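Shown next, in structure tokens, is the structure this report addresses.
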């Protein structure tokens with residue numbers, strides 16, 4: 679899968695908006711950003727030509743209102759936690775959403791990490 683970030687953005691409910699692939703566009707922008715970090719070397723999938731990758735996905739939520747930002751982070755975790763389909767063999771939350779504090783623009787920031795088991 680060449681664009682895992684877009685795939686995951688499409689899984690997140692519409693109530694969580696705006697959504698961005700990669701990093702948030704500026705320090706003063708509210709929203710949710712999905713960034714994918716490379717995994718290690720792929721392994722073959724039970725001897726077939728398909729391969730298994732284990733990328734880590736970072737989700738950043740930035741909002742001016744703490745309760746709304748916290749709700750967005752929890753909604754995303756409820757959506758992605760233990761998610762599975764024919765492409766994403768597993769999504770595992772690495773901990774819980776972390777509150778990172780307030781940015782220089784006084785926006786609340788939350789971060790969640792997910793380990794993805796991806797078949798390509």
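Numbering (the numbering used here), first residue to last: 679 to 798. All residues carry an ideal CB built from backbone N, CA and C; glycine is no exception. Here the structure is a predicted model, which means the values were calculated and not measured.
Exercise. Verify whether the separation of the beta carbon atoms of residue 791 and residue 767 is less than 8 Å.
Key: no
Practice problem: Within the segment 725–789, note down every full beta strand (DSSP E) run reaching 3 residues or more, in order along the chain. | Solution: 726–731, 734–741, 766–780
Self-check item: Same chain, Cβ closer than 8 Å to residue 702, five either side skipped, listed in chain order
Solution: 709, 711, 738, 740
Quiz item: Nearest-angstrom Cα distance between residue 753 and residue 763?
Solution: 19 Å
Quiz item: Apart from the five residues just before and just after residue 770, which ones in its own chain have a Cβ nearer than 7 Å to its Cβ?
Solution: 792, 793
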